[in-house]
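Heads up: the sequence lines are chains E and L, in that order.
If you read the first sequence in the working numbering, its first letter stands for residue 125, the second for the next number, and so on.
If you read the second sequence in the working numbering, its first letter stands for residue 125, the second for the next number, and so on.
Working notes, structure below.
Protein chains: 2
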Amino acid sequence: MKNLKGALMFGQSGGPTSVINSSAAGVFIEALKHPDKITRVYGAAHGVKGILDENFYDIGKEDPKELELLKYTPSSALGSVRYKLKKAADDETDYKRILEVFKKYDIRYFFYNGGNDSMDTCNKVSKYLAQNGYECNIIGVPKTIDNDLCGTDHCPGYGSAAKYVATTLMELNLDAKVYNTGLVTIVEVMGRNAGWLTAASALAAYNGLGPDLIYLPETAFSVDKFVADVKGVCEKNNNKCIAVVSEGIKTAEGKYIGEFMASATDLFGHAQLGGVCFSLAGIVKERLGVKVRPIEFSLLQRCAAHLASKTDVDEAFEAGSAAVRYAIDGETDKMVVLIRDVKDGKYHCSVELVPVEKAANSEKTVPKEWITGNGTGLSKEFIDYALPLIQGEAKAPLENGLPRFARLKKVKGGK
Amino acid sequence: MKNLKGALMFGQSGGPTSVINSSAAGVFIEALKHPDKITRVYGAAHGVKGILDENFYDIGKEDPKELELLKYTPSSALGSVRYKLKKAADDETDYKRILEVFKKYDIRYFFYNGGNDSMDTCNKVSKYLAQNGYECNIIGVPKTIDNDLCGTDHCPGYGSAAKYVATTLMELNLDAKVYNTGLVTIVEVMGRNAGWLTAASALAAYNGLGPDLIYLPETAFSVDKFVADVKGVCEKNNNKCIAVVSEGIKTAEGKYIGEFMASATDLFGHAQLGGVCFSLAGIVKERLGVKVRPIEFSLLQRCAAHLASKTDVDEAFEAGSAAVRYAIDGETDKMVVLIRDVKDGKYHCSVELVPVEKAANSEKTVPKEWITGNGTGLSKEFIDYALPLIQGEAKAPLENGLPRFARLKKVKGGK
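So, in structure tokens, the structure goes:
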């Protein structure tokens with residue numbers, strides 16, 4: 125536990141979410157309240173890449189009103205990066221450079237906001253600096269729509285993406301039933317290895333407008349079984365069926381369905397780019413002779429801040445501000461986690477710390493016992509888990525009928 | 125001008141919108157206020173098909189609270205249909221049947237809610253009944269996200285879809301810029317022959333987060349020019365470009381680009397189903413060697429009631445209720461139109477009538493002089509036209525954090 129005084133560096137990493145900037149707002153707004161401990165607040169451009177390139181912004185020069193709007197602005201306002209540090213034992217170059225930059229700017233607080241890989245970065249940098257006698261309190265702040273980080277009940281970013289998936293599924297359900305002719309709708313949701321977000325489509329069923337079939341990457345996927353399942357629903361249901369598949373559905377051997385059906389080409393030999401839902405749609409049309417509509421939620425599901433969950437926005441903000449308070453108190457080498465507490469049937473959430481190793485490079489998947497209906501549905505346990513996370517609304521004010529997102533000046537940070 | 129007393133029949137037709145049920149709510153709520161003139165209120169299941177099949181619901185048996193929620197419920201609550209009546213001169217069968225059903229149930233008011241084809245239905249039925257001496261006041265209520273009906277300043281349904289397109293484009297713009305690597309995003313928006321909805325993506329630019337390139341079906345599309353345009357933006361813009369294309373882009377000869385690149389197959393010879401954006405993405409990737417992300421808004425853009433424009437919801441409701449008042453006053457064979465009035469720079473909208481022939485089977489496209497930037501942008505005139513239509517928010521209350529849409533009992537209507 126070291127009480128330090130110096131500058132703060134914050135970076136964003138990995139795929140953005142609707143609320144990753146809410147955590148940034150939490151870190152920045154809290155940090156600027158403690159000039160006695162935190163002498164300067166920097167935001168790294170494109171995560172660790174910005175640190176290596178000495179490319180970061182002086183957050184103290186931003187308008188406080190814009191930092192407040194950051195809470196409701198989707199995507200990574202500072203820019204993100206996918207960059208995995210090598211082991212220091214194999215190649216010390218990046219670590220030496222980080223140490224050099226941290227020394228130059230007297231960085232004594234470092235916060236990194238991301239998923240598994242980002243927690244790995246926190247862990248490695250933390251260990252290296254400690255071994256080299258450089259005092260710096262380092263806290264990881266979790267984020268991911270995939271909800272696959274270990275050690276935390278859930279991840280900031282998941283609730284808003286889940287709310288998007290469930291709300292949109294309800295609307296699609298009404299639209300897909302509109303004609304008195306058959307239609308199979310196949311919706312593809314993000315999530316390579318964990319099906320949390322795809323599972324969120326089941327929340328729509330709670331309000332009576334859910335999909336008929338849900339396929340997670342946790343269960344081996346068979347194209348033949350899929351077609352048979354769709355056929356079964358169509359027979360019962362006037363040739364109408366809504367199926368939701370995870371982008372990460374795999375064969376029993378672990379091969380992604382999307383990959384083994386990829387490399388489609390059009391009449392002119394051009395590659396067709398698109399998700400697994402398009403291939404599945406072609407197969408269903410061919411085998412069952414029904415009209416099929418494939419819909420890929422694509423980036424929309426991770427940036428739809430207009431549909432953010434207030435619970436998620438508030439928790440993401442709190443995760444960022446709590447990280448600053450913990451670090452000021454001398455905590456380091458930890459990750460902020462969200463702890464669920466249900467009292468009298470009411471959901472409460474508090475913030476705690478776990479060793480950052482706990483989250484680094486591991487993935488939490490949907491428990492097998494929550495997957496029901498021969499691999500096509502979700503249990504009440506899942507609904508009880510996910511429903512509190514999508515409650516409430518919190519979004520940017522409107523200007524000209526459109527969201528007024530934060531506009532940062534991004535003044536380059538000097539010493 | 126005939127003041128009639130009898131039952132009312134209402135039907136929905138064509139592709140649904142976020143606010144087609146707002147017009148239904150307008151018709152139903154207004155009609156139920158006039159039991160002295162309107163003895164019974166029926167809603168046809170699947171439009172004119174429901175009339176032919178004697179399949180309709182008794183709206184007087186619905187809970188008034190649910191009819192209020194209809195205002196905020198997307199898609200066609202009664203079910204829609206795509207059914208074009210033949211000319212009575214060629215085949216009288218359907219017309220005889222409609223007359224028979226109308227006589228049986230004493231239908232003296234008929235309202236049909238839809239686009240060009242639906243106005244054509246109104247027109248034909250109206251003329252036939254008049255020729256056969258059956259008194260019935262018939263009013264068409266416009267709806268279409270395509271905004272392509274003649275005689276009206278704009279169409280109910282357009283404002284909400286436009287708000288969805290503009291808001292989503294802003295969010296995508298932030299997401300697509302997040303990494304410091306290149307990315308071309310190609311977004312596909314609905315609209316076969318009129319580019320109004322695709323043009324709405326320009327509204328995002330008004331708030332600084334618009335697309336770089338916009339392609340409407342009103343301008344001949346060349347794949348080579350498209351690739352060159354994208355290349356030009358990438359060169360100026362760190363290999364980042366956002367292009368929006370209408371599903372209806374065509375060659376100079378009028379051939380749909382989507383059709384001539386269609387029939388894609390995957391490795392196994394299965395048909396790939398998906399829009400023109402996927403083919404264009406493959407071409408751009410191949411020719412420019414950049415990462416490309418195709419995104420098709422698909423059904424989402426027409427059913428996203430959670431993002432409806434209050435202006436649109438209110439106008440759609442008013443179009444429905446005004447239709448009833450006009451018909452009670454003895455008007456028939458007309459279509460409700462929206463008239464724009466700008467006073468002191470403030471937008472006002474009122475409802476009037478035009479002969480239903482005016483809208484039947486004609487399409488209003490985006491004026492050529494509003495298309496700028498060598499066919500890749502929209503003028504200030506377009507922004508001034510469209511911006512008032514996306515103002516305000518109006519949506520269903522939340523239940524469990526998700527929209528509480530209307531639940532109709534759908535009691536079959538007897539005599």
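Heads up, the beta-carbon is just placed ideally off N, CA and C, and yes, glycines get one too.
Here the structure is a predicted model, which is why all the values come from computation and not from measurement.
Residues in the same chain with beta-carbon distance under 6 Å from residue i, minus the five sequence neighbours each way, listed in chain order, please.
i, result
"G281 (chain E)", "T141, V143, K267, T268, I269"
"G239 (chain E)", "G138, T268"
"Y471 (chain L)", "P512"
"G382 (chain L)", "V400"
"K98 (chain L)", "Outside the displayed range of chain L (125 to 539) lies residue 98 (chain L), so it cannot be described from this structure."
"C358 (chain L)", "C365"
"R411 (chain L)", "V351"
"G499 (chain E)", "T343"
Considering only residues of the same chain and omitting the five flanking positions on each side of residue i, which have a CB-CB separation below 7 Å?
i, result
"K301 (chain L)", "K364"
"Y288 (chain L)", "Q425, A428, L431"
"L340 (chain L)", "G319, T322, A323, S370, V490, I495"
"N331 (chain L)", "M294"
"E190 (chain L)", "A530, R531, L532"
Span of the alpha helix (DSSP H) holding residue i?
i, result
"L176 (chain E)", "172-176"
"N240 (chain L)", "240-255"
"R426 (chain E)", "424-427"
"T291 (chain E)", "282-300"
"I407 (chain L)", "400-412"
"F180 (chain L)", "No alpha helix (DSSP H) contains F180 (chain L), which is instead part of the beta strand (DSSP E) from 180-182."
Identify, in the order they occur along the chain, each residue of the same chain with its Cβ nearer than 8 Å to the Cβ of residue i, setting aside the five sequence neighbours on each side.
i, result
"Y229 (chain E)", "A131, M133, R164, Y166, G537, K539"
"K374 (chain L)", "P341, A344, F345, Y380, I381"
Using CA atoms only, rank isn't needed, just tell me which of the options is closest to residue i.
i, options, result
"A530 (chain E)", "E:N145, E:K467, E:M243, E:A443", "E:N145"
"N127 (chain L)", "L:Y450, L:G469, L:I514, L:Y471", "L:Y450"
"L307 (chain L)", "L:A326, L:M294, L:R417", "L:R417"
"T435 (chain E)", "E:M243, E:F345, E:K210, E:K195", "E:K195"
"A483 (chain E)", "E:V460, E:E178, E:L193, E:S147", "E:V460"
"K210 (chain E)", "E:Y252, E:K458, E:V478, E:A440", "E:Y252"
"D299 (chain L)", "E:T197, E:D215, E:K533, E:A376", "E:T197"
"L223 (chain E)", "E:L176, E:A440, E:V265, E:E523", "E:L176"
"R206 (chain L)", "L:F226, L:V249, L:Q136", "L:Q136"
"A329 (chain L)", "L:K129, L:V368, L:V347, L:N317", "L:V368"
"L404 (chain L)", "L:S422, L:K349, L:K360, L:P479", "L:K349"
"T291 (chain E)", "L:H170, L:G499, L:N524", "L:N524"
"N361 (chain L)", "L:D468, L:D336, L:G372", "L:D336"
"I231 (chain E)", "E:S250, E:D215, E:N485, E:A201", "E:S250"
Report the rounded CA-to-CA distance for residue i versus residue j, giving the unit in angstroms.
i, j, result
"N261 (chain L)", "F152 (chain L)", "16 Å"
"K497 (chain E)", "C274 (chain E)", "Note on residue identity: the sequence assigns Gly, not Lys, to residue 497 (chain E). Their Cα atoms are separated by approximately 26 Å."
"S199 (chain E)", "F234 (chain E)", "21 Å"
"S445 (chain L)", "K161 (chain L)", "15 Å"
"Q396 (chain L)", "V466 (chain L)", "Note that Q396 (chain L) scores a pLDDT of 48, beneath 50, so its modelled location is shaky; the value from the coordinates is reported in the next line. Distance between the alpha carbons of Q396 (chain L) and V466 (chain L): 48 Å."
"R464 (chain L)", "Y509 (chain L)", "10 Å"
"A212 (chain L)", "D244 (chain L)", "12 Å"
"N237 (chain L)", "A149 (chain L)", "12 Å"
"L522 (chain E)", "F226 (chain E)", "40 Å"
"V535 (chain E)", "G174 (chain E)", "14 Å"
"K248 (chain E)", "V414 (chain E)", "53 Å"
"D277 (chain E)", "L462 (chain E)", "6 Å"
"V437 (chain E)", "I452 (chain L)", "51 Å"
"L526 (chain E)", "L193 (chain E)", "14 Å"
"K504 (chain E)", "C279 (chain E)", "20 Å"
"E312 (chain L)", "L502 (chain E)", "33 Å"
"D187 (chain E)", "S325 (chain L)", "29 Å"
"A169 (chain E)", "N297 (chain L)", "17 Å"
"E178 (chain L)", "A376 (chain E)", "51 Å"
"S433 (chain L)", "P159 (chain L)", "32 Å"
"K129 (chain E)", "V172 (chain E)", "22 Å"
Locate the beta strand (DSSP E) running through residue i, then write down its first and last residues.
i, result
"G264 (chain E)", "261-266"
"F134 (chain L)", "130-136"
"E420 (chain E)", "416-420"
For the region 472-487 of chain E against the region 169-187 of chain E, do three or more pairs of beta-carbon atoms, one drawn from each stretch, fall closer than 8 Å, so that the two count as touching?
no
contact_flag[the region 215-232 of chain E, the region 246-256 of chain E] where n(CB pairs < 8 Å) is 3 or more
yes
Three-pair Cβ contact test at 8 Å for the region 514-526 of chain L versus the region 344-354 of chain L:
no
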